[in-house]
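Notes for the one structure printed next.
Residue numbers (the working numbering): 77 to 1007.
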């Protein structure tokens, strides 16, 4: 049973546990396991196929909205992959027998990482026969959002087709197994293939253009975009026009005019709303019982996943200064005078920020994962109530990334430094021999960059990583009742489990010269941990009035960590204890009460300790930018703005600033205290009915994370706090906080605390309806009491319950549920209707909590309740064939349209695609064939 190492057939969970059956996967037409789990109210969407820009190609889950790194993911009770490289694409959905979702800390049982809970994928690993599972599906959507289509008309942008069918998905898995030696042995093998077609944002109303707020109050939205445009944008860093944002005139004349939103580039259409993906999986499971005392077993699992993310064409991006030759023959005299001042016409250079979009080909991120997982072990019955299990696990994740069609900043600098040689515009690098292949780039005319010029600027960058995990473990489990160790008031004996484990994880990350130009650096690290643990369950009383059973359970684990980075010689060590206590009381046969307390830890994973630091994009806007900054000069001075720069700092393009993120070798473990209490009701008077209600409270102290960039920006602007304002690293020339030289410092550190609490309700009832068969009603709901974070001790906390956007990120509704109504007809026909409810949320910046202060909005002040309805039909034809078909989001409900600047993590296409159905109605058909 998930959540304990003690092995006894009559054990029941003392922590809230939700079980997702294989039938649920069929009803949903699921091709991903995270898609099924994200429908449960306990989960908040994380990385998935609908995230493109910045995606690493993986899929993850986030239990209790405490982060994907705080949930431990198991396969058949053992760790799936290295914790910092978890990817749920590794699990074939058609091979899942069930998924156990355990709430609360479980470090005493499983070790580090189980703070919010445990998700255990139990796979079909004991087949006898051949099984083929195949499915195909697609999305159908009617684009009839009149509000957004009106905004597109206002800008003259192309609208999406009124009706679309796209995003096709195919998934097939073939598995076969065979029992042998009179059932003492079994071998089961599988192979699978999955393919996704991409969906571009241009195909949906909600994502056809980059939505921005029309004014400071957010009274309306408009189709905005990026100031990195095909017209060409310039910010001189010296002379009379220093700090002003200028653009080439649209009419093609070589004159500068002040930049305004009419020049903004619509970067949305080429972006993927669903990434293309191709996955191959294969594996095998085997076991053989030599005797009752020794059964050998092992497994092998493999995945190769190849996905592309796609975003708007690259640009010479505003950010880093470029030296422009003051006698550049491609520029007009007036342009050179504006950029160079008195140096115009000389062979000197002048620095300026340059933004020029290459409308040649979209940027594509080629992402490849190759994962392996091996297990081997021996287990058996020692007699006298004792059993053992000794096993070895090894997993390896290889990742390769190749970023295509991207401007090389070094080549861009060479192509902008142009002189005249015999009347021909020539790169200075050609003259001095630095780069004989350099081609001058004409950024001084709207649409002036040719395909040949743009092609010269493109250089692919390459990064790769290797993550590995080795686990040696051994467990001894015993029923001491067979040795006479039993409470005098109980009928069952004391159960124990003792064990030891050694785990070693490694990371190696490599970046080529081009990637290092963008800020990536090589990284390496090793984490080793040796652990000993014990668990005891004591039945105190049984079969007495008002005490059908009373049981307590306790667990303890000691962990000794050793961290090492060979490239620097760095080493660190720490030791931790984790423990738990549980209580189960069954006063009558119909009712069982349960409670638990867990003290858990999460040691910093190898990526958090040793990952390279680099600058990346974050949603946000500089309060000190523009001609009329939102923040005062005094506050901006705290962020590094000089008196000369105030009122002359360029805004972050497309509400996208930069932040420095990466590892921190000085991290220490975070701790969590989890309390759960609830009851399970199974009344004999109402057969086949069950109801469980559980309260949970989880508090994570010294949590490992990065301060959210939007929080840093808003708190500095609102309070002028020296700590937050000190995290601004402004470009020394322009004062901007975008590009490689200007950013918000948002590296990993031990911060304050996270706290969440609420109540889970699960109900299930099956009843007969005469000759028409049976009917089942099932509901899983969660009421959220609080979702609190204190980013830094003593600097204020905030509660994201019922809020979304900015610092709060994805919506945290007060109530969510999923209900399913299933009719099981005598003809082996199953008709099932699902109702998904997502409660409404309000914009976090409208809260009265000063820690959530930020840009207000009228148009996006709230997201209303959302209700989705899904219908599926399953028909079994004998025991050999089962057909299924279904429609998810039957009524094709549009997702909420939200300004891009409000979105933070996992936002894409002006909405939250992991929370809301972003692509429309999903239609699928499938079949399972058994031989």
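From the three backbone atoms N, C-alpha and C, an ideal C-beta is built for every residue, glycine too.
Every unbroken stretch of the alpha helix (DSSP H) spanning 4 or more residues and falling wholly within the segment 741-829 is given here in chain order: 785-795, 798-801. DSSP places residue 365 in the uninterrupted beta strand (DSSP E) bounded by 352-367. Separation of the CB atoms of residue 588 and residue 543 is rounded to 19 Å, and the pair is thereby denied contact status at 8 Å. The segment 369-440 contains, as complete alpha helix (DSSP H) runs of 4+ residues, the segments 409-416 (chain order). In the structure shown, the three-state DSSP call for residue 845 is coil. Apart from the 5 residues on each side of it in sequence, residue 546 sits with its Cβ closer than 6 Å to the Cβ of 470, 580 in its chain, given in chain order.
Looking at the backbone, the Cα of residue 963 and that of residue 238 are separated by about 20 Å. Here residue 647 is exposed, its C-beta having fewer than 16 other C-beta atoms within 10 Å. According to DSSP, residue pairing for residue 534 in a beta bridge involves 483. If you look at residue 574, you'll find it in the beta strand (DSSP E) that goes 571-587. Here the alpha carbons of residue 869 and residue 583 stand approximately 31 Å from one another. Put simply, of 266, 342, 908, 213 the residue whose alpha carbon is nearest the alpha carbon of residue 204 is 266.
The beta-carbon separation of residue 541 and residue 475, rounded to 5 Å, stays under the 8 Å limit for a contact.
Within the same chain, and ignoring the five residues on either side of residue 570 in sequence, the residues whose Cβ sits closer than 6 Å to its Cβ are 556, 561, 614. Under the three-pair Cβ rule at 8 Å, the segment 246-262 counts as touching the segment 169-182. Within the DSSP secondary-structure output, residue 312 pairs in a beta bridge with 428.
Residue 951 is positioned such that its CB atom lies closer than 8 Å to that of residue 905.
The bridge partners DSSP lists for residue 1002 are 211, 960. The way I'd put it, the segment 146-154 does touch the segment 177-189; three or more beta-carbon pairs between them come closer than 8 Å. Using a 10 angstroms sphere on the CB of residue 260, the tally of other CB atoms stays under 16, which defines it as exposed.
By the Cβ rule, the segment 498-509 does not count as touching the segment 440-448, because fewer than three pairs are nearer than 8 Å. Going by beta carbons, residue 303 and residue 344 fall outside the 8 Å limit.
In the three-state reduction of the DSSP assignment, residue 647 falls in the strand class, which pools E and B. Excluding its 5 nearest sequence neighbours in each direction, residue 960 has C-beta neighbours in its own chain below 6 Å: 102, 950, 1002, listed in chain order.
Residue 228: member of the alpha helix (DSSP H) spanning 222-231, first to last residue. Contact annotation, residue 461 with residue 554: C-beta distance approximately 5 Å; criterion of less than 8 Å satisfied. Comparing alpha-carbon positions, the option among 243, 195, 365 lying closest to residue 258 turns out to be 365.
Beta-carbon to beta-carbon, residue 896 and residue 908 are separated by about 6 Å, close enough to satisfy the 8 Å threshold.
For residue 733, the pairing in a beta bridge is given by DSSP as 694. Per DSSP, residue 712 is not a residue of any beta strand (DSSP E); the alpha helix (DSSP H) it occupies stretches across 709-714.
Beta-bridge annotation (DSSP): residue 855 is paired with 839, 895. Contact check for residue 976 and residue 730: beta-carbon distance about 7 Å, within the 8 Å limit, so the pair qualifies.
The segment 817-824 and the segment 685-700 touch, with three or more beta-carbon pairs separated by less than 8 Å.
Taken in chain order, the complete beta strand (DSSP E) segments of 3 residues or longer contained in the segment 222-291 are 239-256, 261-272, 287-289. The beta-carbon separation of residue 711 and residue 798, rounded to 10 Å, does not stay under the 8 Å limit for a contact.
Residue 535 is positioned such that its CB atom lies no closer than 8 Å to that of residue 443.
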